[in-house]
Amino acid sequence: MILLLFILLAICTFIWQLFLPWWSICLVTIPLAFIFGRNFRHVVLSAIFSCGIVWFILALCLNEVNGSLMTSRIAVLFSAPSNLWLFIGCFVIAGLTGGISAAAGFSLRRLYGSNKPKVAFKN
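One rule links them: number in this note's numbering = place in the sequence shown (from 1) + 74.
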């Protein structure tokens, strides 16, 4: 189930990021975490790594298309030692956005779903 969630998040994030703004990651991860979430840690880590890897790969592809002109100028602007720091920043931003929204989706599942903790004593 963890691998299925990881793959679905990666595919949906990739497709949505081609057409929608950066915050559309939340629109993908909240429902998928709600539907497929079984364990909080697994859901959050799957979202962090799938969204982060997708953004990292997209940033690398965009960098290769324009011959790294833009990233080298932005790296100079931020006084970064190399362009790699920009890609790591993309990974971190996407990972945090995906992880926080996946935590929200899993929390909604715990709140409204069937995974509520059982009551120990009945009145």
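Where is the CB? At the ideal position from N, CA and C, for every residue including glycine. Everything numeric in this text was worked out from a predicted model, so none of it was measured.
Across the set T171, S181, L185, L182, the C-alpha of T171 shows the shortest separation from the C-alpha of A121.
When the beta-carbon positions are compared, T145 and L132 stay at least 8 Å from each other. With a beta-carbon spacing of about 5 Å, C125 and I99 fall inside the 8 Å limit used to define contacts.
Exclusion of the five residues before and after I104 leaves S175, A176, A178, G179, L182 as the residues of its chain whose Cβ lies within less than 8 Å of its Cβ. The three-state reading of DSSP puts M144 in helix, counting H, G and I together. One Cα belongs to L78, the other to L119, and the distance between them is close to 13 Å.
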